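K.L.:
Can you keep this structure in mind? I'll have questions shortly.
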Amino acid sequence: MAWDSDDLTPGPVPLWFQIAERLTASLEAGEFVVGDTLPSEAELGRRFSVSRTTARAALGSLAQRGLITQKSGRGSIVLPRKVEQPLNLLSSFSEDMRARGLAPGYRDVRVDAAPAPADVAAELKVTHGHRVVRVRRVLLADDVPIAMSESWLSPRVLAPEADLSEVDSLTSLYDWLERHRGVRVAIGTEVIEGGVADEELAALLETTGGSAVLVARRTACDHDGAPLEYAVRHYRADRYRYRIELSRP
Numbered sequence: 001m002a003w004d005s006d007d008l009t010p011g012p013v014p015l016w017f018q019i020a021e022r023l024t025a026s027l028e029a030g031e032f033v034v035g036d037t038l039p040s041e042a043e044l045g046r047r048f049s050v051s052r053t054t055a056r057a058a059l060g061s062l063a064q065r066g067l068i069t070q071k072s073g074r075g076s077i078v079l080p081r082k083v084e085q086p087l088n089l090l091s092s093f094s095e096d097m098r099a100r101g102l103a104p105g106y107r108d109v110r111v112d113a114a115p116a117p118a119d120v121a122a123e124l125k126v127t128h129g130h131r132v133v134r135v136r137r138v139l140l141a142d143d144v145p146i147a148m149s150e151s152w153l154s155p156r157v158l159a160p161e162a163d164l165s166e167v168d169s170l171t172s173l174y175d176w177l178e179r180h181r182g183v184r185v186a187i188g189t190e191v192i193e194g195g196v197a198d199e200e201l202a203a204l205l206e207t208t209g210g211s212a213v214l215v216a217r218r219t220a221c222d223h224d225g226a227p228l229e230y231a232v233r234h235y236r237a238d239r240y241r242y243r244i245e246l247s248r249p
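Residue numbering for the sequence shown follows UniProt numbering, beginning at 1 and increasing consecutively.
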């Protein structure tokens, strides 16, 4: 890491932005790893011959992008990179992780049959209180907790009276549905909103109570539009983000 003022280019691009880009490039090159401390404002100021205000703006940019966290007395700490999910693809968690070179995993798994709450019943098109199979588990990426998932399966896919031990809850649920139940998830809808983690959820996700989460509610259907699964996932907002690709009509 040999930065100095010669790395900066005079012109319309702000100096803080140029410094932030060089820091980002160093992160991507592996010069800093998760848990490392970046150079302080004072050190960046000396290296690049800029004011502390400029250096502070560069570090603040990285913090806003979720690349670092700034803690009093500890400096700027490198965070794990966020897992990114494009919103135009209907894929399983396992497929998402493998596409990004991450190892999917699961823990704190529970499979049972429970009365469908009103929102679940509406999405699965069953009566309120009808017993349906529920799969709860924490989703991991490279052994790091990413989300808490609660999936409710349509009775036409798996009856609540069935032997629930046959559900392979340690693999992709979509793969299991296709291989063992003969149904394929083809289309779906998803609604995303912000939320906060209560103490129970925070403990499962290894974060603190009140931390920000992304709440994704997905209804997955077959080719005919019949619902197969309704899932609610609470993602750690500091480790997961969605990407939307847009085009003008």
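Don't be surprised by glycine CBs; every beta carbon is placed ideally from N, CA and C.
From a predicted model like this one, the values you see are computed outputs, not experimental measurements.
If you measure between the beta carbons of P227 and K71, is that distance less than 7 Å?
P.N.:
No, the pair does not count as a contact, with Cβ atoms beyond the cut-off.
K.L.:
Would you check if there are 3 or more beta carbon pairs closer than 8 Å linking the stretch 44-58 to the stretch 8-20?
P.N.:
The stretch 44-58 vs the stretch 8-20: in contact.
K.L.:
Give a yes or no on whether the C-beta atoms belonging to A216 and I192 are separated by under 7 Å.
P.N.:
It is a contact, given that the beta carbons lie within the stated cut-off.
K.L.:
In angstroms, rounded to a whole number, what distance separates the CA positions of Y106 and A122?
P.N.:
Going by the C-alpha atoms only, they are around 28 Å apart.
K.L.:
I'd like to confirm the pairing. Which residues does DSSP put opposite D238 in its beta bridges?
P.N.:
DSSP output for D238 lists no bridge partner at all.
K.L.:
What's the call for S149, buried or exposed, on a 16-neighbour Cβ count within 10 Å?
P.N.:
Result: buried.
K.L.:
So, for A113: in the same chain, excluding its five sequence neighbours on each side, which residues have a beta-carbon less than 6 Å away from its beta-carbon?
P.N.:
Excluding positions up to five away in sequence, the list reads R131, V133 and P160.
K.L.:
For a quick check, are the C-beta atoms of G188 and A220 less than 7 Å apart?
P.N.:
Yes, they are a contact pair.
K.L.:
Checking the sheet assignment: what are the DSSP bridge partners for W152?
P.N.:
According to DSSP, W152 bridges with R134 and Y230.
K.L.:
Out of I68, D142 and V135, which has the shortest C-alpha to C-alpha gap to S154?
P.N.:
The candidate whose alpha carbon is nearest that of S154 is V135.
K.L.:
Confirm, please, whether the CB-CB distance from W176 to D168 is below 7 Å.
P.N.:
Yes.
K.L.:
Would you grab the beta carbon distance between R238 and L79 for me? Rounded to a whole angstrom, and I think it's under 8 Å.
P.N.:
With the sequence shown as reference, residue 238 is identified as Asp, and Arg is not the correct amino acid for it. The pair is a contact, with the Cβ atoms about 7 Å apart (cut-off 8 Å).
K.L.:
For T9, which of helix, strand or coil comes out of DSSP?
P.N.:
In this structure, T9 counts as coil in the three-state DSSP scheme.
K.L.:
Which residue from T9, V13, G66 and R74 puts its Cα closest to that of E41?
P.N.:
Comparing Cα-Cα distances from E41 to each of T9, V13, G66 and R74, the minimum goes to R74.
K.L.:
Just to confirm before moving on: does the CB-CB distance between A141 and L173 stay below 7 Å?
P.N.:
Going by C-beta atoms, A141 is not nearer than 7 Å to L173.
K.L.:
Rounding to the nearest angstrom, what Cα-Cα distance links L246 and S165 in this structure?
P.N.:
Rounded to whole angstroms, L246 to S165 spans 43 Å at the Cα level.
K.L.:
Exposed or buried, which one is V13 when buried takes at least 16 other CB atoms within 10 Å?
P.N.:
Exposed.
K.L.:
From the DSSP output, in three-state form, read off A118 for me.
P.N.:
Three-state DSSP puts A118 in a helix.
K.L.:
Assuming contact is defined by CB atoms lying nearer than 7 Å, are L23 and L62 in contact in what I supplied?
P.N.:
Yes, Cβ-Cβ distance for L23 and L62 is below 7 Å.
K.L.:
Which word fits A202, buried or exposed, when buried means at least 16 other C-beta atoms lie within 10 angstroms of its C-beta?
P.N.:
That one is buried.
K.L.:
Look up I19 in the DSSP assignment and say whether it is helix, strand or coil.
P.N.:
Helix.
K.L.:
For a minimum of 3 consecutive residues, which ranges assigned as the beta strand (DSSP E) are wholly contained in the stretch 52-104?
P.N.:
Listed in chain order, they are 68-71, 75-78 and 83-86.
K.L.:
Here's the rule I'm using: 16 or more other beta-carbon atoms within 10 Å means buried, otherwise exposed. How should P39 be labelled?
P.N.:
P39 should be labelled buried.
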